[in-house]
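One structure is given here, and the rest of the page talks about it.
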Amino acid sequence: MKKIVLFSLFLILGLVGSQTLPTLVGVESYSAAKPTLDFMLYTCLAFIMINVGREFELDKSRWRSYTADYFIAMATAAAPWLMICFYYMMLLPDDLFTSWDAWKENLLLSRFAAPTSAGILFTMLANAGLKNSWIYQKTRVLAIFDDLDTILLMIPLQIFMIGWKWQLGVVALFVFVCLYLAWTKLDRFRMSQDWSSILGYATVLVFLCQGLYVVSSHVFGHDGAIHIEVLLPAFVLGMVMKTRHSTSRTDESVSTLISYLFMFLVGMSAPLFVGVDFSATAGDCLIGEVGEMSWGEIALHVAVVTALSNIGKMVPMFFYRDKSLTERLALSIGMFTRGEVGAGIIFVSLGYGLGGPLLAISLLTILSNLILTGGFVIIVKRLALKSEGSAATK
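For the sequence shown, the residue numbers in the working numbering are 131 to 524.
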């Protein structure tokens, strides 16, 4: 419980910092420091995902069950996405409901609700003592798969927005190469796995991903840059390592500290929303025609969208019927967390000129889910303990 409270506290401190530091140190100074903060954020994420990959056990003889898991994860990602997209379309003027341009803008923006935050979720569930539970093991599979589904589906969504570009083909090829390596080279390579080595691997991966983006942006321009998320290659690197399960107390302590830092940096990565006139960011996008909203109206829509995004994540309740209702409920609630991948979609949307009140609602929905994450994990832990107690009495 103490660690969950600390995770939430560091997250909130980061959120406060993201809204106050631009004013205190100046927007230009804060913007100059932002690339360093982002590099640290992605390095922490890569460190966490390498460790998740190291612990990921894959039984190749049960490939059919993983196929079923993928489709369940895909449905778990699609349900909140489509529900929120439809809700956003209902907020637009009636004449835009049949506009493909308005639909494709909303399909992109509302995709923020699809991915479960793997880094945040795994960190908090593991520190809640659920590492050996069925709920943790299955959540790990579903969260990875629905992040993968989000990354893959962003390619056709971006094609809808800007047309086909060969750079998107490079990203798709890279994803499939990663999946091939994960399947064929699982648990194959003997590599040093102390905390300093894993942090070194994470740093190199982030440097390569960020370096590719910077170089391609310089050569082909900002719109032609190749952007590869570090989450998947970090996870695959962990999978292909010859896993050594024994860890020292120092390794565990450093991993916990990096997790705390990760939560703080997730909060710090939030765009400025305090004192921002979001109606002024609408530009020429069609979703900006929703019109101006008061903060009270935005708060009401945030509550509705938060509810829809989490109701949509309840898809696993209808599967895994060999497990109790309590376990399936815990699994579904465990999928509620949002974070780095969802926020990344907000940044992608900003890059395509999307703005206005719907952008504010999406951003604040992610933030509300982040703040509620500690509560979600506490509920999952209690449901897991209740399930174990029920099983023991049978």
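All C-beta atoms in this analysis are idealised placements derived from N, C-alpha and C, irrespective of residue type, glycine included.
Between the CA atoms of D224 and R320 - distance to the nearest angstrom: 60 Å
Start-end ranges of the alpha helix (DSSP H) lying completely within the stretch 267–344, minimum 4 residues: 296–314
Nearest-angstrom Cα separation, counted from I142 out to A423: Here residue 423 turns out to be Met, not Ala, going by the sequence shown. Taking the straight line joining both Cα atoms gives about 26 Å.
Cβ of M170 within 8 Å of any chain D Cβ: In the structure shown, chain D does not exist; there is a single protein chain.
Distance, S195 Cα to S148 Cα: 42 Å
Range covered by the alpha helix (DSSP H) that runs through L239: 230–239
For M444, the three-state DSSP class (helix, strand or coil): M444: coil per DSSP, three-state reduction.
Beta carbon of N236 nearer than 8 Å to that of I441: Against a cut-off of 8 Å, the Cβ pair of I441 and N236 comes out as no contact.
C-beta atoms of T503 and T467 nearer than 8 Å: Yes, the pair counts as a contact, with Cβ atoms nearer than the cut-off.
M371 - partner residues in DSSP beta bridges: Looking at the DSSP assignment, M371 forms a beta bridge with F319.
Cβ distance (whole Å) where V324 is taken to contact F275 below 8 Å: For the sequence presented, residue 324 should be read as Asp rather than Val. With 8 Å as the limit, D324 and F275 do not qualify as a contact, their Cβ atoms being about 29 Å apart.
Status (buried if at least 16 other CB within 10 Å, exposed otherwise) for T537: Look at the range of the chain in this structure, 131 to 524, and you will see that residue 537 is not part of it.
Contact test: T280 Cβ vs the ligand MN heavy atom, cutoff 7 Å: Within the structure as shown, the ligand MN is missing, as the structure has no ligands at all.
Residue nearest to Q340 in terms of C-alpha spacing, selected from L171, M213, I202: Of the candidates L171, M213, I202, the residue whose Cα lies closest to the Cα of Q340 is L171.
Spatial neighbours of S347 in its chain, beta-carbon cut-off 7 Å, leaving aside the 5 residues before and after: A355
Start-to-end residues for the alpha helix (DSSP H) that takes in L461: 455–464
Three-state secondary structure assigned by DSSP to V507: Reduced to three states, the DSSP call for V507 is helix.
Reference C308; option with closest CA among V366, D381, G330, S322: V366
Cβ shell of F227 (< 7 Å), same chain only, five flanking positions each side left out: Excluding its 5 nearest sequence neighbours in each direction, F227 has C-beta neighbours in its own chain below 7 Å: M219, listed in chain order.
The stretch 325–333 touching the stretch 173–193, judged by at least three CB pairs closer than 8 Å: yes
Beta-carbon proximity of L459 to L515, cut-off 8 Å: Result no, Cβ atoms of L459 and L515 do not sit closer than 8 Å.
Contact set for L391: own chain, Cβ-Cβ below 8 Å, skip 5 residues either direction: F140, M170, C174
Anticipated Cβ contact below 8 Å, L494 with L167, distance rounded: Not quite, the Cβ-Cβ distance comes to about 21 Å (not below 8 Å), so this is no contact.
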